Every structure is written in structure tokens, then in C-alpha cells.
Amino acid sequence: MAKGDIDTYQQDGQWKNRPEGNERATSRHDTKAEAEAAGREMAAERGAEHVIKKQDGTIGEKNTYPRSRDPREIPG
1 MAKGDIDTYQ QDGQWKNRPE GNERATSRHD TKAEAEAAGR EMAAERGAEH VIKKQDGTIG
61 EKNTYPRSRD PREIPG
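Heads up: the sequence shown begins at 1 in the UniProt record's numbering, then just goes up one per residue.
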């Protein structure tokens, strides 16, 4: 992850968001959907990538904000 990118993950029964470089999560949520929404907002504010992990810790989704920063040349 690049500096400032947001990582959404599950730990200790809670879904958390942590900016890259931080040791601790900056937000904690009861559901993945709540954590994703908060992480999306944090990434958009920072102009960063949002990495959403599955319950098993593997990467499930990546979103770049703003979209113009996305290095991939594919639509959607």
C-alpha cells in the first residue's frame, strides 16, 4: 500500500480501518458494510486507495480515489 492508503480488515470480531503507516486502527465497526463506508470516505478525503480485505485476510477489493489516479486502463 502507498502511504496514506486505507486498509479495511477484520480483527478480534470487529471490522477496522487503518491508514497505511499507522499501527492502530482509526475506526472500529460492528459490520463490514459500516467499515467499508467509513474507509471509502477516508480514502476519498485523502485521495488514496481503499483496500478491502475479506474475513480471511485476503484482498477482496481495491478502489482508487479519485478515479483519475487509477493506474489501470480499464473502464468501470
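No residue lacks a Cβ here, since even glycine has one placed at the ideal position from N, Cα and C. Bear in mind the structure is a predicted one, so any value in this text is a computation, not a measurement.
In the DSSP assignment, Glu-61 falls within the beta strand (DSSP E) that extends over 59-64. The beta carbon of His-29 is closer than 6 Å to those of Trp-15, Ala-35 in its chain, skipping five residues each way along the sequence.
Residue range 14-19 is occupied by the beta strand (DSSP E) that includes Arg-18.
For Glu-49, there is no enclosing alpha helix (DSSP H); the enclosing beta strand (DSSP E) has its first and last residue at 49-53.
Burial is judged here by how many other beta carbons sit within 10 angstroms of a residue's own beta carbon; Asp-56 has fewer than 16 and is exposed. Cβ neighbours of Gly-60 within its own chain (closer than 8 Å, five residues either side excluded): Ile-52, Lys-53, Lys-54.
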